[in-house]
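The next block holds one structure in the form of structure tokens; read it before the comments.
Protein chains: 2
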Amino acid sequence: MIRFYNGKVLYFTRSGPVVADDEVHVDGERIVYAGPRKASEGSCFDREIDLNGDLLMPGFKNAHTHSPMNFLRSLADDRPLDLWLRESCWPNEAKLDDEAVYNITRLSILEYLSSGTTAVFDMYNHSEAFSRACADSGFRAVICSAMNDFDRDPADIERDYLKLNGFGAGLVSYRLGIHAEYTTGLERLKYMVSLAEKYREPCWTHLCETKGEVEGCLSRYGMTPPQFLDSLGFFRFGGGGYHCVWMSDGDIDLFAKKNLHAVTCPSSNLKLSSGIAPVAAMLRAGISVAIGTDSAASNNALDMFREMYLVSTLQKYLENDPTACPAADVLKMACVSGARCMGLDDCDGIAAGKKADLTVMDLHRPNMRPLNNLPVNLVYAGSKENVRLTMVNGRVLYEDSRFFIGEEAESIYEKAEKFMREKVRS
Amino acid sequence: MIRFYNGKVLYFTRSGPVVADDEVHVDGERIVYAGPRKASEGSCFDREIDLNGDLLMPGFKNAHTHSPMNFLRSLADDRPLDLWLRESCWPNEAKLDDEAVYNITRLSILEYLSSGTTAVFDMYNHSEAFSRACADSGFRAVICSAMNDFDRDPADIERDYLKLNGFGAGLVSYRLGIHAEYTTGLERLKYMVSLAEKYREPCWTHLCETKGEVEGCLSRYGMTPPQFLDSLGFFRFGGGGYHCVWMSDGDIDLFAKKNLHAVTCPSSNLKLSSGIAPVAAMLRAGISVAIGTDSAASNNALDMFREMYLVSTLQKYLENDPTACPAADVLKMACVSGARCMGLDDCDGIAAGKKADLTVMDLHRPNMRPLNNLPVNLVYAGSKENVRLTMVNGRVLYEDSRFFIGEEAESIYEKAEKFMREKVRS
Numbered sequence: 001m002i003r004f005y006n007g008k009v010l011y012f013t014r015s016g017p018v019v020a021d022d023e024v025h026v027d028g029e030r031i032v033y034a035g036p037r038k039a040s041e042g043s044c045f046d047r048e049i050d051l052n053g054d055l056l057m058p059g060f061k062n063a064h065t066h067s068p069m070n071f072l073r074s075l076a077d078d079r080p081l082d083l084w085l086r087e088s089c090w091p092n093e094a095k096l097d098d099e100a101v102y103n104i105t106r107l108s109i110l111e112y113l114s115s116g117t118t119a120v121f122d123m124y125n126h127s128e129a130f131s132r133a134c135a136d137s138g139f140r141a142v143i144c145s146a147m148n149d150f151d152r153d154p155a156d157i158e159r160d161y162l163k164l165n166g167f168g169a170g171l172v173s174y175r176l177g178i179h180a181e182y183t184t185g186l187e188r189l190k191y192m193v194s195l196a197e198k199y200r201e202p203c204w205t206h207l208c209e210t211k212g213e214v215e216g217c218l219s220r221y222g223m224t225p226p227q228f229l230d231s232l233g234f235f236r237f238g239g240g241g242y243h244c245v246w247m248s249d250g251d252i253d254l255f256a257k258k259n260l261h262a263v264t265c266p267s268s269n270l271k272l273s274s275g276i277a278p279v280a281a282m283l284r285a286g287i288s289v290a291i292g293t294d295s296a297a298s299n300n301a302l303d304m305f306r307e308m309y310l311v312s313t314l315q316k317y318l319e320n321d322p323t324a325c326p327a328a329d330v331l332k333m334a335c336v337s338g339a340r341c342m343g344l345d346d347c348d349g350i351a352a353g354k355k356a357d358l359t360v361m362d363l364h365r366p367n368m369r370p371l372n373n374l375p376v377n378l379v380y381a382g383s384k385e386n387v388r389l390t391m392v393n394g395r396v397l398y399e400d401s402r403f404f405i406g407e408e409a410e411s412i413y414e415k416a417e418k419f420m421r422e423k424v425r426s
Numbered sequence: 427m428i429r430f431y432n433g434k435v436l437y438f439t440r441s442g443p444v445v446a447d448d449e450v451h452v453d454g455e456r457i458v459y460a461g462p463r464k465a466s467e468g469s470c471f472d473r474e475i476d477l478n479g480d481l482l483m484p485g486f487k488n489a490h491t492h493s494p495m496n497f498l499r500s501l502a503d504d505r506p507l508d509l510w511l512r513e514s515c516w517p518n519e520a521k522l523d524d525e526a527v528y529n530i531t532r533l534s535i536l537e538y539l540s541s542g543t544t545a546v547f548d549m550y551n552h553s554e555a556f557s558r559a560c561a562d563s564g565f566r567a568v569i570c571s572a573m574n575d576f577d578r579d580p581a582d583i584e585r586d587y588l589k590l591n592g593f594g595a596g597l598v599s600y601r602l603g604i605h606a607e608y609t610t611g612l613e614r615l616k617y618m619v620s621l622a623e624k625y626r627e628p629c630w631t632h633l634c635e636t637k638g639e640v641e642g643c644l645s646r647y648g649m650t651p652p653q654f655l656d657s658l659g660f661f662r663f664g665g666g667g668y669h670c671v672w673m674s675d676g677d678i679d680l681f682a683k684k685n686l687h688a689v690t691c692p693s694s695n696l697k698l699s700s701g702i703a704p705v706a707a708m709l710r711a712g713i714s715v716a717i718g719t720d721s722a723a724s725n726n727a728l729d730m731f732r733e734m735y736l737v738s739t740l741q742k743y744l745e746n747d748p749t750a751c752p753a754a755d756v757l758k759m760a761c762v763s764g765a766r767c768m769g770l771d772d773c774d775g776i777a778a779g780k781k782a783d784l785t786v787m788d789l790h791r792p793n794m795r796p797l798n799n800l801p802v803n804l805v806y807a808g809s810k811e812n813v814r815l816t817m818v819n820g821r822v823l824y825e826d827s828r829f830f831i832g833e834e835a836e837s838i839y840e841k842a843e844k845f846m847r848e849k850v851r852s
């Protein structure tokens with residue numbers, strides 16, 4: 001059993017985040033106590049972690065990413081989108097085998113842990129190698145099948161769904177989805193809808209990311225992507241979309257009516273000139289909005305602090321209103337809404353019975369001082385320098401800048417560099 | 427003499443940033459050698475710093491900030507601008523005395539150092555307390571007089587200019603400027619112009635920060651703020667503006683023709699819903715653009731990594747062009763253009779004879795891997811976790827998360843918290 005004491009604990013309540021001078025006990029994978037200081041019970045703890053006034057909080061959930069694309073970070077930036085895709089992304093992604101996906105996913109996990117992220121919603125192929133990388137690291141992930149017309153055999157999806165759901169003693173789960181409407185023809189779309197029907201599963205997709213995507217769907221089907229997919233029964237059991245930048249009022253109504261989730265990826269949308277998602281409007285409509293980094297190939301970091309800052313400040317710009325998207329709402333999006341959209345309802349906060357997916361924020365760094373308002377500080381001033389510890393499923397995987405995922409960081413770096421030397425740069 | 431060896435060195439050349447496997451020697455305040463590895467000369471070094479493959483680069487220059495306002499961080503966010511100013515900023519700023527300004531400036535210096543910043547262009551009053559805080563910390567600063575109609579006796583400006591230029595054995599210098607056109611009446615404006623004439627000095631001001639500011643100047647004087655100030659001779663000896671969000675084509679032409687400097691503060695402009703500065707357009711016109719954080723009261727962190735990311739990606743959004751404001755240009759703005767606009771021409775890069783204002787970037791963090799392109803990595807993926815060491819004027823002031831400014835960080839934090847308890851929150 002592990003005890004966190006002598007610090008602050010962040011809870012999410014109906015009226016917003018609340019910070020209390022509490023302590024938290026973790027037994028195995030779960031939190032077993034969260035509340036006021038308890039009289040010490042002597043030897044019942046395997047480890048007692050002195051928070052020294054620091055803040056214990058639920059880990060961030062990165063609700064949209066492509067971990068195996070991390071090797072493309074800073075390889076070809078500041079280029080037109082089509083050149084970037086055709087000359088840098090696609091030819092190099094074709095060089096990925098299971099071993100490379102495993103190692104590069106491990107590299108991404110280091111970065112998630114160092115930014116206080118305890119779970120990711122990932123979309124890529126090589127799903128089994130990805131799942132092994134997460135399970136071997138002790139890291140939590142939800143994979144979404146990226147069905148499209150090019151690189152997935154539809155039969156693989158059902159096989160992966162059955163095999164990888166619950167993989168790694170429950171660390172990995174699997175969700176159904178397509179890459180996007182514009183990469184998936186009607187036949188495969190209908191197959192995906194039939195799978196979702198068969199298993200009564202929510203369905204996910206890249207959605208309304210660019211203006212061109214929406215225009216293409218309108219010209220093909222006379223409907224926006226959300227409306228077209230809905231007409232096929234794609235969202236019958238829920239799910240939602242990644243990006244959601246070019247959402248019409250009708251699309252927002254549809255998402256609200258069907259309780260669909262939107263995942264916003266502000267840094268990627270800015271850097272690729274896609275636009276700014278109408279996050280404040282979606283929240284006003286009652287839609288649950290989560291936050292993702294997208295891949296380091298496009299944005300170029302897997303850093304939830306940067307995304308939180310952007311979610312809020314871009315809405316203040318877009319709405320011409322400095323009160324838009326206040327910090328407390330954004331913090332909830334990053335921790336709670338992320339968990340909910342991924343189906344990780346038992347990883348969404350600190351309470352007895354919840355999974356121990358936690359992070360400790362170092363408040364002894366100058367960017368946190370003075371300690372005027374902790375939730376506001378986290379969203380507007382927080383950075384990776386504040387991440388002192390990250391725990392997933394009850395295990396400490398990151399502490400004091402060191403990683404504990406079964407392999408030294410330097411060894412993982414070297415494997416990634418070797419892949420670059422031998423396969424990408426050669 | 428200090429030697430940096432076994433790593434990489436970043437130079438700015440006419441064709442962009444270049445990284446070489448060089449070494450650098452520092453003697454006293456200055457760099458005395460930068461070039462290929464030299465045969466060791468035994469005992470001539472007081473300290474040899476093994477870079478271990480990390481990157482030595484010129485420090486960032488934060489070209490617009492208000493260090494003593496740091497105590498307002500996260501005190502009153504997500505509010506309309508006028509409420510924030512009237513209820514949070516102004517009444518609390520009135521409580522600042524010299525002692526508080528000294529301590530809060532020291533708190534800000536900790537944050538500058540932890541983000542690799544080696545000099546700031548600051549605008550505030552209590553100039554002598556601010557200067558002592560910088561000098562006592564070994565930190566470099568340029569103060570700009572913030573003349574306005576409310577809180578400065580114009581006679582103080584000339585006294586401070588003569589006293590504080592060169593203060594702290596040259597660490598502090600003093601520039602002339604007004605707070606803004608809209609806070610400074612014609613009489614004081616003309617006095618500032620006469621001072622600039624007398625000392626042949628450049629002149630600075632907050633400029634075109636909000637749409638309302640420009641509209642007000644147009645209605646008062648029938649000219650935009652840059653055109654109006656120029657008509658008075660304000661820019662006769664150069665200088666420029668902070669923010670420069672609402673610049674007309676004519677304003678951009680004026681800046682280009684007169685070789686004026688623009689300082690962009692993207693995070694503050696977003697968070698206060700001021701807008702996005704036309705940085706790419708200003709660069710196309712040949713204007714030198716530097717980068718500032720503005721104060722933590724508005725943005726809420728003193729972090730040049732965040733600003734660099736925003737400068738580039740907001741221009742990609744604004745121009746609907748993912749090639750806008752490439753990383754190499756932004757890195758130069760943060761290091762070189764910042765130094766130039768502050769009059770710190772001998773702090774703008776790594777070469778024998780330049781001041782030793784340097785920072786070491788830790789490349790052994792997951793966000794830097796793989797090492798595909800270092801300048802791109804710094805701008806799009808870099809963060810404070812990468813800052814391993816910061817040196818100002820030949821002295822190491824920050825290393826391995828510890829500060830060396832003559833007082834423990836915890837003591838500075840406690841002084842700031844005490845001010846909040848006794849003066850602000852009481």
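Going down the list, the protein sequences come from chains R and F.
Okay, so the first sequence: first residue is 1 according to the numbering used here, each after it adds one.
Okay, so the second sequence: first residue is 427 according to the numbering used here, each after it adds one.
The beta carbon of each residue, even a glycine, is placed where N, CA and C say it ideally should be.
Remember, predicted model here, so these are calculated numbers, not experimental data.
- The segment 346-360 of chain R makes no contact with the segment 515-527 of chain F; the number of CB pairs closer than 8 angstroms stays below 3.
- For Y11 of chain R, no alpha helix (DSSP H) encloses it; the enclosing beta strand (DSSP E) starts and ends at K8 to T13.
- If you draw a straight line from the Cα of A716 of chain F to the Cα of P370 of chain R, it comes to about 28 angstroms.
- N269 of chain R is classed as buried because its beta carbon has at least 16 other beta carbons within 10 Å across all chains shown.
- At least 9 angstroms separates the beta-carbon of C767 of chain F from that of V705 of chain F.
- The beta carbons of L189 of chain R and E158 of chain R sit no closer together than 9 angstroms.
- Of all alpha-carbon atoms in F:Y600, F:S571, F:M573 and F:Y528, the one lying nearest the alpha-carbon of A555 of chain F is that of F:Y528.
- Remark: C-beta atoms of D294 of chain R and A753 of chain F do not approach each other more closely than 9 angstroms.
- Below the 8 angstroms Cβ cutoff, chain F contributes Y743 as neighbours of I276 of chain R, in chain order.
- Shortest Cα-Cα distance from T816 of chain F to any of F:L477, F:P443 and F:A460 involves F:L477.
- Nearest C-alpha to D448 of chain F among F:D480, F:C470 and F:S441: F:D480.
- Chain-ordered, the chain R residues with CB closer than 7 angstroms to the CB of V802 of chain F read S74 and D77.
- Under DSSP, D122 of chain R shares a beta bridge with R:T65 and R:I143.
- Not a single CB atom of chain R sits nearer than 9 angstroms to the CB of E613 of chain F.
- R152 of chain R and Y124 of chain R have their C-alpha atoms roughly 10 angstroms apart.
- Under DSSP, no beta-bridge partner is assigned to R369 of chain R.
- Unbroken beta strand (DSSP E) stretches of 3 residues or longer found wholly inside the segment 169-213 of chain R: 172-180 and 203-207, given in chain order.
- Against chain R, a Cβ distance below 8 angstroms from T739 of chain F picks out S267, L270 and K271.
- Scanning F:T439, F:T491 and F:C470 for the CA closest to the CA of H669 of chain F turns up F:T491.
- Under a criterion of Cβ atoms nearer than 7 angstroms, the residues of chain F adjacent to F71 of chain R are, in order, P796.
- Residue state for S411 of chain R is assigned as helix, using DSSP reduced to three classes.
- Counting only residues of its own chain and dropping the five nearest sequence neighbours on each side, D783 of chain F has a CB closer than 6 angstroms to the CB of G485, T544, C773 and V818.
- C244 of chain R is outside the set of residues whose beta carbon lies under 9 angstroms from a beta carbon in chain F.
- Contact annotation: the segment 234-242 of chain R touches the segment 203-216 of chain R, with at least three C-beta pairs closer than 8 angstroms.
- Here the alpha carbon of A526 of chain F sits roughly 54 angstroms from the alpha carbon of G212 of chain R.
- Inter-residue distance for E197 of chain R and M282 of chain R is about 27 angstroms (C-alpha atoms, whole angstroms).
- Contact with chain R is found for N793 of chain F, since one of that chain's Cβ atoms lies less than 9 angstroms from the residue's Cβ.
- Per the coordinates, the alpha-carbon of H364 of chain R lies some 14 angstroms from the alpha-carbon of E811 of chain F.
- Here C44 of chain R is exposed. Its C-beta has fewer than 16 other C-beta atoms within 10 Å.
- The Cβ neighbour count for T739 of chain F, taken over all protein chains shown within 10 Å, is at least 16; the residue is labelled buried.
- DSSP places F497 of chain F within a helical segment (H, G or I) once states are collapsed to three.
- Closer than 9 angstroms to the CB of H790 of chain F there is at least one CB belonging to chain R.
- Look at M420 of chain R here: in three-state DSSP terms it is helix.
- Interface annotation, M734 of chain F: not in contact with chain R, CB-CB separation never under 9 angstroms.
- Identification of chain F residues near T323 of chain R by a Cβ-Cβ cut-off of 7 angstroms yields D504, R505 and P506, ordered along the chain.
- By a beta-carbon distance limit of 8 angstroms, R499 of chain F does not contact A339 of chain R. Their separation comes to about 29 angstroms.
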